[in-house]
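**Q**
Residue numbers (this note's numbering), protein chains in the order written: chain A, 5 to 195; chain F, 3 to 109.
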């Protein structure tokens, strides 16, 4: 038996997505939500974006095609574009926005999943020092830190991948894919 | 062609003014607004426009109404509030003054 598609409710529309398209959409909406951190009304904007995705994908479906794939979703997301917060760039460029971001995992340049890198960026620490500290804690705690790390992997959203950056390392790519898979399962189960 | 990095902030600052102007002329839903801007210097995307409209709605400059559509779910049609109309008039006036200043200065 194979699951072919997921039914996705997007604001006022309902569409069928295949697994790959569903994972991509989930990532896009999570990125949008993290960019809207600090906006007083993110739910309204996310709802509008969901509707825009639904409209764009519906328009791109072939007459007898029922399931949205990446072939429809990617150009749709390209046309919608990533979230631009009004006034953010005008204030003082990207630095103001970076610091307003929540704690995130940063996949690019990560060793495992990017938790240390994310923490270091957020608190303005030296990432190497933080990693050494984490390894020391690991030795002293007798492994308890591993549970904390896994909890943080599930808790911290992933920072959006930079366009045109180097491909991710083996472990960061796998852990990101795994965590996103776990989150999507969890979300399906709770819906 | 001038340095793009010098021009982008100008466009960004003016987008709000243009959106007020567009929905001030007639009430519109977002794909119409995007079509109106497409092909101009201010061509933009849903990802930019929805957060901006949300901000303008919170500032009570625009409001929207749901309208049924022939195809698909109902659509949000945006229009100006009275405060939005006053804001647009003030911006229009300011823009004209700036233009006169720019034209006059340095002569």
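Using N, Cα and C, we set each Cβ at its ideal position, and we do this for glycine too. Treat the numbers as computed from the prediction; the structure is a model and nothing was measured.
Count the other CB atoms within 10 Å of the CB of residue 170 of chain A; is the residue buried (16 or more) or exposed (fewer)?
**A** Exposed.
**Q** Between residue 116 of chain A and chain F, is any beta-carbon pair separated by less than 8 angstroms?
**A** False, the Cβ-Cβ gap to chain F never drops below 8 angstroms.
**Q** Does residue 117 of chain A come out as helix, strand or coil in the three-state DSSP assignment?
**A** Coil, per DSSP.
**Q** To the nearest angstrom, how far is it from the Cα of residue 75 of chain A to the Cα of residue 162 of chain A?
**A** Residue 75 of chain A and residue 162 of chain A: Cα-Cα distance of roughly 24 angstroms.
**Q** Count the other CB atoms, across all protein chains shown, that sit within 10 Å of the CB of residue 117 of chain A; report buried if there are 16 or more and exposed otherwise.
**A** By the neighbour-count rule (16 or more Cβ atoms within 10 Å), residue 117 of chain A is buried.
**Q** Between A/15, A/17, A/16, A/25, which has its C-alpha nearest residue 9 of chain A's C-alpha?
**A** Of the listed residues, the one whose Cα sits closest to residue 9 of chain A is A/25.
**Q** Please classify residue 107 of chain A: does DSSP put it in a helix, a strand, or coil?
**A** Of the three classes helix, strand and coil, the one that applies to residue 107 of chain A here is coil, per DSSP.
**Q** What residues from chain A crowd round residue 7 of chain F, counting only those whose CB sits closer than 9 angstroms?
**A** Ordered by position in chain A, no residue passes the 9 angstroms Cβ test against residue 7 of chain F, which lies about 10 angstroms from the chain.
**Q** Is residue 95 of chain A helix, strand or coil when you go by DSSP?
**A** Confidence at residue 95 of chain A is low in this model, with a pLDDT of 42, below 50, so its placement is unreliable and the value that follows should be read with caution. In the structure shown, residue 95 of chain A sits in a helix (DSSP, three-state: H, G or I).
**Q** Quickly, what does DSSP pair residue 19 of chain A with across the bridge? List them, please.
**A** Beta-bridge pairing links residue 19 of chain A to A/12.
**Q** Leaving aside the five residues before and after residue 87 of chain F along the sequence, list all residues of the same chain whose C-beta is less than 7 angstroms from its C-beta, in chain order.
**A** So the qualifying residues of the chain are 26.
**Q** Ignoring anything shorter than 3 residues, give me the beta strand (DSSP E) runs that lie fully in the stretch 16-95 of chain A, in order along the chain.
**A** Counting only runs of 3 or more, we get 17-21.
**Q** Shortest alpha-carbon distance to residue 79 of chain F belongs to which of F/109, F/67, F/10, F/53?
**A** Comparing Cα positions, the closest option is F/67.
**Q** Take residue 37 of chain A and list the residues in its own chain whose beta-carbon comes closer than 8 angstroms to its own, dropping the five residues that flank it on each side.
**A** Hits under 8 angstroms: 46, 50, 161.
**Q** Taking the C-alpha atoms as reference points, what is the distance between residue 83 of chain A and residue 47 of chain F?
**A** Using only the alpha carbons, I get a separation of about 7 angstroms.
**Q** Going by the C-beta, is residue 49 of chain F closer than 7 angstroms to any heavy atom of the ligand HEM?
**A** With respect to the ligand HEM, the structure shown offers nothing to examine, as it has no ligands at all.
**Q** Sorted by chain position, which residues of the same chain lie with C-beta nearer than 6 angstroms to residue 30 of chain A's C-beta, five sequence neighbours on each side aside?
**A** Once the five neighbours on either side are set aside, the close Cβ partners of residue 30 of chain A are 188.
**Q** How about residue 54 of chain F: is its C-beta nearer than 8 angstroms to some C-beta of chain A?
**A** Interface residue, yes.
**Q** Give, in chain order, every residue of the stretch 32-46 of chain F whose Cβ lies closer than 7 angstroms to some Cβ of chain A.
**A** Per Cβ criterion, the list is empty.
**Q** Is residue 143 of chain A buried or exposed, if buried means 16 or more other CB atoms sit within 10 Å of its CB?
**A** By the 10 Å Cβ count, residue 143 of chain A comes out exposed.
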